[in-house]
Amino acid sequence: MAEEKKEIIKIPSYQMETKNLTLSKYDYSEVQQNVITLIQEQLKEYMTKDAKEAAVRIDSMGEPYITIDCNEASRRKSKDYVIQEIEKMFLKPISFRWRHESWGKDIKTICPIVTAIHDVKSTSLVKVNYNRWAIPFLIWYGKGIGGTIYDKTIALTINGKYTKRIYKLICSYRDQNKYEYELDKFREDFAIPKSYNTTRIKENILDKAKEDIDNSNSEVKFDYEFKMTKEGKKKAKATAIIFKIQWKKTRENLNEQENKVYYDAYTKVSRLDVEPSKVVGICDLLMDKNLLQLVIEKYNFYDDLVASGARMQNGQPYTFAILKNVMKKLIREELEKQGVDPRQIAYLYPKK
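My numbering puts the first residue of the sequence shown at 1, with every later residue one more than the last.
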């Protein structure tokens, strides 16, 4: 199979009724989800709302493929087991509805994600062909969401088929503070056994996923609560799961506007007589606690008072020295309110 041949595949502007693979109904095992993750890893640079085409590797038959190390795809590190799991994917098609632009007709498409397996003997490698029709489906964003972009290592190493899906779900909605998932739809999409009542969903699926993701290096974590609905005199029952998504911002994952805010705050903090080596640390803490904008606004407020010659109640004029002391006090108090250990920001306190 030719290793370096590539083909540009057009991405149709489907009007899909589903969102993306993260929210679609399927019941894939851990290994099968890892295969999907590895395909999406190859396509991730095209996970943008304005992507019109994708360059994919093709084999000698002109079909898209990926090379999979079976030791990476399964905790068992068994090639035979991985091949068996991929074979089962032939019988687990995806389906999605979309509207054909020129026909003006609604269409339901049903197709498998993978179409062939090629066992590279005497190695841990297999080459897997994946369906062209699945490409737009795998990378499609959906309306109003952030896209299913996630850390490949975490997606492969966290355990449990439900945990893997919840991880991708919260990554998909990381730009939002929460996502409300109707409980019946959650049951259907995640193929949850009928024997699972709300308590079992909580303990066996949600709590386990939360713990495993918390213990990983994921920048995206979640909390949750059940939405309770009362009908008439009946006892209130859970009708939805509200995922409360927390995305730990880092300097590496800021967008253009967030970078401007960070730099603005950095510039202001650097004027407060803080050691240069400590400024980034302070700004990273402020970013993590969503306090950058507050610091900018408060700094600008006191800076305007200094510039205008305003006076305090005791008649003393506002000076830049006062601004620096007020801002350092404000920063340490706000950080401590958010649970930051005072010892971590001891350099913000007045020297004795």
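Beta carbons: idealized from backbone N, C-alpha and C, even for Gly.
Which first and last residues belong to the alpha helix (DSSP H) in which residue i is found?
i, result
"F301", "292 to 308"
"Y318", "Here Y318 belongs to no alpha helix (DSSP H), and DSSP marks it neither H nor E."
"E258", "256 to 269"
"L286", "276 to 288"
"N71", "70 to 73"
"E85", "79 to 89"
Could you check where the beta strand (DSSP E) with residue i kicks off and where it finishes?
i, result
"D27", "It is not in any beta strand (DSSP E) - D27 carries neither H nor E in the DSSP assignment."
Does DSSP put residue i in a helix, in a strand, or in coil?
i, result
"G339", "coil"
"S172", "helix"
"K108", "strand"
"Q246", "strand"
"K143", "Only weak support is given to the placement of K143: the predicted model assigns it a pLDDT of 34, under 50, and the question is left unresolved by the model."
"K161", "helix"
"Y65", "strand"
"R332", "helix"
"I345", "helix"
"A155", "helix"
"A238", "strand"
"R76", "coil"
"P350", "coil"
"L323", "helix"
Would the beta-carbon of residue i be found less than 6 Å away from any heavy atom of the ligand GDP?
i, result
"L38", "In the structure shown, the ligand GDP is absent, as is every other ligand, since no ligand is present at all."
What does DSSP give as the partner residue(s) for residue i in the beta ladder?
i, result
"A55", "I8"
"A116", "N129"
"K178", "K244"
"K227", "A240"
"W98", "I107"
"R251", "None, per the DSSP bridge assignment."
"R187", "Answer by DSSP bridge pairing: none, since R187 is not bridged."
Ordered list of alpha helix (DSSP H) runs contained in the stretch 189 to 224, each at least 4 residues: Segments of the alpha helix (DSSP H) lying fully in the stretch 189 to 224: 207 to 214.
I'd like to know if the stretch 113 to 130 and the stretch 64 to 79 are in contact, where contact means that at least 3 CB-CB pairs between them fall below 8 Å. Yes, the stretch 113 to 130 is in contact with the stretch 64 to 79.
Determine contact between the stretch 157 to 174 and the stretch 210 to 221, defined as no fewer than three beta-carbon pairs at a distance below 8 Å. By the Cβ criterion, the stretch 157 to 174 is in contact with the stretch 210 to 221, since at least three pairs of Cβ atoms, one from each stretch, lie closer than 8 Å.
Whether or not the stretch 296 to 304 and the stretch 253 to 269 are in contact is what I'm after, with contact meaning three or more pairs of Cβ atoms, one per stretch, closer than 8 Å; do they touch? Taking 8 Å as the limit for Cβ pairs, the verdict is that the stretch 296 to 304 does touch the stretch 253 to 269.
Looking at C-beta atoms only, is the number of pairs between the stretch 166 to 182 and the stretch 235 to 247 that lie closer than 8 Å three or more? With the cut-off at 8 Å, the stretch 166 to 182 and the stretch 235 to 247 touch.
Decide if the stretch 51 to 60 is in contact with the stretch 93 to 112; the criterion is three or more beta carbon pairs, one per stretch, under 8 Å apart. No: fewer than three Cβ pairs fall under 8 Å.
If contact is defined by three or more beta carbon pairs under 8 Å, each pair taking one atom from either stretch, is the stretch 280 to 289 in contact with the stretch 316 to 329? Counting Cβ pairs under 8 Å, fewer than three are found: no touch.
Tell me, please, whether the stretch 68 to 77 touches the stretch 35 to 42 by the rule of three or more beta-carbon pairs shorter than 8 Å. In this structure the stretch 68 to 77 lies against the stretch 35 to 42, because at least three pairs of beta carbons, one per stretch, are closer than 8 Å.
contact_flag[the stretch 305 to 314, the stretch 250 to 264] where n(CB pairs < 8 Å) is 3 or more: Touching, no, given that fewer than three Cβ pairs across the two stretches are closer than 8 Å.
Between the stretch 187 to 203 and the stretch 56 to 66, do three or more beta carbon pairs fall short of 8 Å? Judged by Cβ distances under 8 Å, the stretch 187 to 203 makes no contact with the stretch 56 to 66, as fewer than three pairs qualify.
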